[in-house]
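S.K.: Here it is, the structure in full.
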Amino acid sequence: MIDLHSHTTASDGQYPPATLVARAAAAGVTVLAVTDHDTVAGLAEAREAARAHGVELVPGIELSAFVHGKEAHILGHFLHPEDPELARFADRLRDERTQRMEAMVARLRELGFPVRMEQVLKVAGDAQLGRPHLARVLVNQGWCIDMKAAFDRFLGTGRAAWVERFKLEGAEAIRLIRNAGGTATLAHPGSSKMERVEIKALALAGLSGLEVLSADHNPGLRQKYLALAAEFDLVPTFGSDFHGEEVSPDHRLGVAAMPPELFQKLRARAPSASA
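Residue numbers (my numbering): 173 to 447.
Put into structure tokens, the structure is as follows:
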């Protein structure tokens, strides 16, 4: 079973890399991509665990980018985690995320919620800071009933504590991934409201795959994106987008099984495959 989209505590996942790999193996996953947001910090631990459990690890990342003003999540697969440019970019994003989090905490304090940056850092640990960590603080303090409520009320786009993020263009995200030896795939296009015009622009910029089978896609959306994948010669990919039961209870490991022939087709498009 092949699952090309998962997250660990290196970003906003529930489980450390080794635990994620162990749970994936128990769920019948034989090939797993670890694709943490804006970081490759969890890949070394995941690689060791994958060896121990007989799982093939696909080194990956998920970059938040924009195309025609819409936010698009670009997955990188088969990349070299030690790529210097990618490492410098991840360091830059860590600084950007810290500054953004400090601004969101300040907005919540202005609204009368005595949130402290120290609380967010304790929840995040060594992970890249993200809104789910702040949402967890709001839930832990009893100010929101669950994380969805935290986003709906405070942290979602345009909400009371929202702060604009650094905007990486989709073409630049694809360039970073390809220069690191990887393929670029557009994640969950349905939930990101990606239409033909955005997918065409990303395909022209070097996109290799389109995540057709996602927990966020109903059968109609799957057929829609399968047709767009065929139109733009993109490999249809499959991924659970697993974060953990406490974070995304509807996303489960092993429910999105990618056919081996499509996996090999995607692998063949990686610059690292011909290096």
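From the three backbone atoms N, C-alpha and C, an ideal C-beta is built for every residue, glycine too.
Sort out for me which residues DSSP pairs I317 with in a bridge.
M.R.: In DSSP, I317 forms no bridge with anything.
S.K.: Express the C-alpha separation of V311 and I246 in angstroms, rounding to a whole number.
M.R.: Roughly 29 angstroms between the two C-alpha positions.
S.K.: So, is P231 buried or exposed, given that buried needs 16 or more other C-beta atoms within 10 angstroms?
M.R.: Buried.
S.K.: Report the three-state DSSP secondary structure of A278 (helix, strand or coil).
M.R.: A278 falls in the helix class under three-state DSSP.
S.K.: At which residue ranges does the region 236 to 306 contain complete alpha helix (DSSP H) runs of 4 or more residues, listed in the order of the chain?
M.R.: You should have 256 to 282 and 289 to 296.
S.K.: Taking the alpha carbon of S386 as the reference point, which residue from P253, D298, E370 and V427 has its own alpha carbon closest?
M.R.: Per the Cα distances, V427.
S.K.: Quick check on this structure: which residue in A262, E290 and L283 has the alpha carbon closest to the alpha carbon of E274?
M.R.: Ranking the options by Cα distance to E274, first place goes to E290.
S.K.: Is F410 helix, strand or coil when you go by DSSP?
M.R.: Strand, per DSSP.
S.K.: Assuming E370 is part of the alpha helix (DSSP H), what are its boundary residues?
M.R.: Looking at the DSSP string, the run of the alpha helix (DSSP H) that includes E370 is R368 to L376.
S.K.: Less than 8 angstroms separating the beta-carbons of L398 and P408?
M.R.: Closer than 8 angstroms, so yes.
S.K.: Applying the 10 Å Cβ sphere with the 16-neighbour rule, what's the burial state of T357?
M.R.: The residue in question, T357, is buried, as its Cβ has 16 or more Cβ neighbours within 10 Å.
S.K.: Relative to the C-alpha of F338, which candidate in E268, A401 and E418 has its C-alpha closest?
M.R.: Answer by Cα proximity: E268.
S.K.: Which whole-angstrom value describes the C-beta separation of V227 and T207, a residue pair presumed to lie in contact below a C-beta threshold of 8 angstroms?
M.R.: 15 angstroms between Cβ atoms; not a contact.
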